[in-house]
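Quick note: the sequence shown uses my numbering, first residue 1, plus one each step. Backbone N, C-alpha and C define an ideal beta-carbon position, used for all residues, glycine too. One structure is given here, and the rest of the page talks about it.
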Amino acid sequence: MNKIILIGFMSSGKTSVARTLSIKKNIIHMDTDLAIEKRFNLKIGEIFDKYGESFFREQESIVLKKIDNSNLNMIISTGGGTPIHTSNMQKLNKIGKTIYLENSFEFLYKILKRDKESRPLFKMHNKNELSKIYNERVKIYSNAHFKINCRKKSLSDISEEISNFISF
Ligand code: S3P
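Structure representation (structure tokens):
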């Protein structure tokens, strides 16, 4: 194994699953959102407010370049929009093994509502718009090397499933 990259819509559990696997397998965890927050010492919402979304998207691409240049083994959790912009999906597929954590829009929306403060996209769009964004993104996420159906599975079930088919 070299790099494992988790992708999927907001609230699909990318960060929690990556954290669990990193502890279980003793490998580095890199979260693209956290890397950007640390760099600017601001929360994602504050970066969106202060510099705008396209600036944030540029930062995501910069983080991907850094990951690509590193030869460390790691598990990476991405932001829900990371694969969507500037052919990042193709880049991610070259950087490592991509895994799409798939779930239904209705389920993800329910969780998203609970955690809306940290999700600027939730503030920018209503449910109908978010559902359209979801449908568009699914087409791109589906280019991942692997797809895990996460419906009715706990985070530990999902982590277990990944560790069964990826050799760490
Ligand atoms: C975004 C998802 C967020 C974060 C930012 C934008 C998106 O990450 O990168 O708020 O465009 O879907 P999570 O998927 O971890 O919520």
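Buried versus exposed call for residue i [16 or more other C-beta atoms within 10 Å across all chains shown]
| i | result |
| --- | --- |
| Ser12 | buried |
| Arg114 | exposed |
| Leu21 | buried |
| Thr86 | exposed |
| Ile23 | exposed |
| Asp192 | In the structure displayed, the chain extends from 1 to 168; residue 192 sits before or after that span and is not available. |
| Asp33 | buried |
Proximity below 8 Å, CB of residue i to CB of residue j
| i | j | result |
| --- | --- | --- |
| Leu112 | Arg119 | yes |
| Ile166 | Lys94 | no |
| Glu102 | Ile148 | yes |
| Phe168 | Gly80 | no |
| Met89 | Lys3 | no |
| Lys133 | Leu6 | The question names Lys, yet the displayed sequence has Ile at residue 133. No. |
| Phe56 | Ile47 | yes |
| Leu72 | Ile28 | yes |
| Ile36 | Gln59 | yes |
CB-CB length for residue i against residue j, believed under 8 Å
| i | j | result |
| --- | --- | --- |
| Asp31 | Ser77 | 5 Å |
| Leu155 | Val63 | That pair is no contact at about 24 Å. |
| Ser104 | Arg151 | 6 Å |
Within the segment 1 to 60, ranges of the alpha helix (DSSP H) (whole runs, at least 4 residues)
As far as the segment 1 to 60 is concerned, its whole alpha helix (DSSP H) runs of at least 4 residues are 14 to 25, 32 to 40 and 44 to 51.
Report the start-end ranges of each alpha helix (DSSP H) in the segment 68 to 150 that is 4 residues or longer and not cut off at the edges.
Runs found: 88 to 95, 105 to 114, 120 to 124 and 127 to 141.
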